[in-house]
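At position 554 of the sequence shown (counting the first as 1) the number is 638 in the numbering used here, and the numbers step up by one without a gap.
For each residue, glycine too, the CB sits at the ideal point set by N, CA and C.
Computed from a predicted structure; not experimentally measured.
Everything on this sheet refers to the single structure shown next.
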Amino acid sequence: MNFSLNIIVLWLKNGKIRKLEFKPNKVNLITGGSHTGKSAILEIVDYCFFSSKSRISESMINENVLWYGLNISVNDKNYTIARESLSEGKVSDNYYFSSSGEIPLVVASNNSENAIKSILETEFKIDRDAKFPTNYGSNHIKAGTKISLRYFLMFNTISGNIIENDEGVFFDKQNDIRYKEALPRIFDLALGVETVENILKGEKKAELENQLAKLIRKNNTITSKASDFNQEHVEILQKAKEYNLVRDDAKADEVIVELNKAIQVFENEPTINSEKEKLESSFYSLQRKIRNLKVFSSEYNKYKTSIKNLDDSLKPIEFLREKDSEIIKTSIFEQIVTSFTQDLNKIRKSYSYNTPIDRQVNDNVKDLEKELEIVKSKLDQLPKEIRSFESEREKYFFLGQMKSKLEIFSTDSKSVLTSFDEEIGALQGEIEQLIVENTEEKRELTIKLAEEIISEYIKESEKALANYSIYQPVFDYKNKSLLLRKPKTSYIENVGSSSNHMFLHLFFSLAMHEVIFQNQSQFVAPFLIIDQPSRPYYGTNGKRKTENPESDDYKIKKAFELLDRFIDVRKNNGGNFQIIVLEHIPIETVSNLKNIHIVEEFFDGNALIPKSYLE
Numbered sequence: 085m086n087f088s089l090n091i092i093v094l095w096l097k098n099g100k101i102r103k104l105e106f107k108p109n110k111v112n113l114i115t116g117g118s119h120t121g122k123s124a125i126l127e128i129v130d131y132c133f134f135s136s137k138s139r140i141s142e143s144m145i146n147e148n149v150l151w152y153g154l155n156i157s158v159n160d161k162n163y164t165i166a167r168e169s170l171s172e173g174k175v176s177d178n179y180y181f182s183s184s185g186e187i188p189l190v191v192a193s194n195n196s197e198n199a200i201k202s203i204l205e206t207e208f209k210i211d212r213d214a215k216f217p218t219n220y221g222s223n224h225i226k227a228g229t230k231i232s233l234r235y236f237l238m239f240n241t242i243s244g245n246i247i248e249n250d251e252g253v254f255f256d257k258q259n260d261i262r263y264k265e266a267l268p269r270i271f272d273l274a275l276g277v278e279t280v281e282n283i284l285k286g287e288k289k290a291e292l293e294n295q296l297a298k299l300i301r302k303n304n305t306i307t308s309k310a311s312d313f314n315q316e317h318v319e320i321l322q323k324a325k326e327y328n329l330v331r332d333d334a335k336a337d338e339v340i341v342e343l344n345k346a347i348q349v350f351e352n353e354p355t356i357n358s359e360k361e362k363l364e365s366s367f368y369s370l371q372r373k374i375r376n377l378k379v380f381s382s383e384y385n386k387y388k389t390s391i392k393n394l395d396d397s398l399k400p401i402e403f404l405r406e407k408d409s410e411i412i413k414t415s416i417f418e419q420i421v422t423s424f425t426q427d428l429n430k431i432r433k434s435y436s437y438n439t440p441i442d443r444q445v446n447d448n449v450k451d452l453e454k455e456l457e458i459v460k461s462k463l464d465q466l467p468k469e470i471r472s473f474e475s476e477r478e479k480y481f482f483l484g485q486m487k488s489k490l491e492i493f494s495t496d497s498k499s500v501l502t503s504f505d506e507e508i509g510a511l512q513g514e515i516e517q518l519i520v521e522n523t524e525e526k527r528e529l530t531i532k533l534a535e536e537i538i539s540e541y542i543k544e545s546e547k548a549l550a551n552y553s554i555y556q557p558v559f560d561y562k563n564k565s566l567l568l569r570k571p572k573t574s575y576i577e578n579v580g581s582s583s584n585h586m587f588l589h590l591f592f593s594l595a596m597h598e599v600i601f602q603n604q605s606q607f608v609a610p611f612l613i614i615d616q617p618s619r620p621y622y623g624t625n626g627k628r629k630t631e632n633p634e635s636d637d638y639k640i641k642k643a644f645e646l647l648d649r650f651i652d653v654r655k656n657n658g659g660n661f662q663i664i665v666l667e668h669i670p671i672e673t674v675s676n677l678k679n680i681h682i683v684e685e686f687f688d689g690n691a692l693i694p695k696s697y698l699e
């Protein structure tokens, strides 16, 4: 993309307008003394680009300003963005925007932050699809929210707090938890390792793969249960045959039919048992009655037999009667014989005829036997009891288990499996159509590219780095920082000296922008604002910090030569880049560099807001 900051505009409360003009494809240098407002320039740019808080100094600057503004060129379009000054340290929601780049004499709010941000984000290719994926969420960044333009601005500044940082921090705003959490989440997008389209495809693919995994788990569960049941089904059928519930020669489909019949008998068994119990009770009762009557009849016959035997024992009386003339009689003979004769007649009479009792008993027995035959016939019609089970409980348990298993087996499990198979096939087809680029390889190549670029920077600046000039750069991707490795070792050097830290930060930021350019990323604007890279040598007041000025001048000049050459390389490669440096150094140090543009020198009353503007 093309981008340049053309003008910084301050509309002062006294009606005057202060402008600082910058050139594209140049190292724009503002140098001057301390307390002249140089560092505020970085804060003003950040404020106009929708910052939710600001550290613009109230004294001398904000107290004299009504509006802050930027005139910028983006992709051959010219825009002016202005924002009303802070009120009691609070940022303003009032914005001015011109799509033609007009800088009015008097500013009035005419647009909203969201509307202006939307226009710029469109230029930066940050559309509504540029969202944090579901697996990119954090405590302070909600997954699915749109990625803000401001997160990419972290690549565009090296503040004074960063330039000498020796804690491995290479990006501004890392003390703000939102930006700290956003950095690793937008880093691949910024460098062109990843694209929004690829992230969306990856997110969609991950969602589909998650659905697929759930379906496969369900399918496996059903398949496993079906397999287990099939085995159990075979065992149940085998057992059913063993217990003679089905025929031994029954085929598989016949077995199921016969088992269902057995189960129906089982389900109706409470009624059958009740009827059977009644019939059996009646059967046994009739048997008892018949048996009792037959016993009675038998005993009665025995009685009659005993009487007959008694008759035999009295037969001598008849003999005596026949021999009556021959017997010598006593006085009581006639009396005794007569008595015995009478008894004998009675006995003969008692057993010589069937009594009503005989007939009644016989009739009753016949009736009961007929009734017994009827009951027996009914019992024969009822199912025979399976005697091979050890107990009724075992029988009921087996049949109950068999019923539940057959119900499961009879459900259309095949159609369920087929349904899942169809869904699985559809998902697999959809996943195959989503071609997601594997960015891991590109990430590794990008890391190597950055390290190669930094190696060249180290060679260009070798004398300024002293003994570190032969060290190898290590791009710590995880921590987004630059380390130095001692040659032919795996040892990471603990780099000392604020001068070396300054060079490492320059190397890192320039390498990131070169990678962004080569990968054609649209999210990061090709500009860089650097606040006082000479701090290690000149401090914050413009005075040298060491007793070796030649060495210090040489190092700071090498730093600017690095920036100058970066502009050359970018232009030669058909790109554009703008650097703005806020400094203390005398312009003679860098005046011979062809890509240096001296914006202004803040000396002798000149400043961000010159004294003459306040008179």
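Measuring alpha carbon to alpha carbon, tell me which of the options ends up nearest residue i.
i       : options                               : result
Ile-165 : Tyr-152, Asn-159, Phe-591 and Glu-478 : Tyr-152
Asn-708 : Phe-133, Met-238, Ser-243 and Gln-419 : In the structure as shown, the chain begins at 85 and stops at 699. Residue 708 is therefore absent and cannot be evaluated.
Ala-643 : Lys-655, Asn-656 and Ser-618          : Ser-618
Lys-572 : Ile-246, Lys-257, Ile-554 and Asp-560 : Ile-554
Ser-635 : Gln-604, Ser-545, Arg-654 and Asp-451 : Ser-545
Asp-177 : Ile-91, Ser-138 and Arg-301           : Ser-138
Lys-257 : Phe-239, Ala-274, Leu-273 and Glu-248 : Phe-239
Asn-656 : Glu-685, Glu-598 and Pro-694          : Glu-598
Glu-672 : Tyr-638, Val-653 and Lys-695          : Tyr-638
Gln-371 : Val-158, Val-341, Lys-460 and Gly-484 : Lys-460
His-224 : Leu-189, Asp-260 and Asn-195          : Asp-260
Phe-236 : Ile-247, Glu-205 and Leu-483          : Glu-205
Lys-161 : Glu-105, Leu-89 and Lys-103           : Leu-89
Phe-481 : Glu-361, Thr-422 and Lys-323          : Lys-323
Please work out which residues of its chain come closer than 7 Å, Cβ to Cβ, to residue i, disregarding the five sequence neighbours upstream and downstream, and give them in chain order.
i       : result
Ile-231 : Ile-210, Ala-214, Lys-215, Phe-216 and Ile-270
Ser-136 : Val-175
Lys-100 : Tyr-697
Lys-201 : Phe-134 and Leu-233
Ile-128 : Ile-92, Ile-140 and Tyr-152
Ile-600 : Ala-274, Leu-275, Gly-276 and Val-608
Lys-570 : Tyr-555 and Glu-577
Which of helix, strand or coil does DSSP assign to residue i?
i       : result
Tyr-621 : helix
Gln-517 : helix
Asp-427 : helix
Tyr-697 : helix
Leu-568 : strand
Glu-172 : coil
Ser-382 : helix
Arg-212 : coil
Tyr-555 : coil
Ala-166 : strand
Glu-455 : helix
Ile-420 : helix
Arg-234 : helix
Ser-193 : coil
Phe-481 : helix
Phe-644 : helix
Tyr-575 : coil
His-681 : strand
Taking 8 Å as the limit between beta carbons, can you name the residues of its chain near residue i, skipping five residues before and five after?
i       : result
Gln-606 : Met-85, Phe-208 and Lys-209
Lys-564 : Phe-254, Phe-255, Leu-267, Pro-268 and Phe-271
Ser-581 : Pro-620
Ile-374 : Val-449, Leu-452, Glu-453 and Leu-456
Tyr-561 : Arg-527 and Ile-531
Leu-150 : Trp-95, Leu-96, Lys-97, Glu-168, Ser-169 and Val-191
Phe-686 : Ile-114, Thr-115, Gly-116, Gly-117, Thr-120, Gly-121, Lys-122 and Leu-692
Please work out which residues of its chain come closer than 6 Å, Cβ to Cβ, to residue i, disregarding the five sequence neighbours upstream and downstream, and give them in chain order.
i       : result
Asp-250 : His-585
Gly-228 : Lys-215
Leu-594 : Phe-650
Ile-663 : Val-111, Leu-612 and Leu-647
Ile-614 : Ile-242 and Val-665
Meets three-Cβ-pair contact criterion under 8 Å: the segment 116-127 and the segment 651-668 = Output reads yes: the segment 651-668 touches the segment 116-127.
Do the segment 251-265 and the segment 512-523 touch if we need at least three Cβ pairs shorter than 8 Å?
-> At 8 Å Cβ cutoff, the stretches do not touch.
Only counting runs of 4 or more residues, tell me where the alpha helix (DSSP H) segments fall wholly within the segment 244-271, in order along the chain.
-> Listed in chain order, the alpha helix (DSSP H) elements of length 4 or more contained wholly in the segment 244-271 are 244-247.
Beta strand (DSSP E) segments (min. 3 residues) lying fully within the segment 104-159 | The qualifying runs are 111-116 and 149-158.
Would the segment 291-306 and the segment 534-544 be scored as touching if the rule is three or more Cβ pairs under 8 Å?
-> Not touching, per the Cβ criterion.
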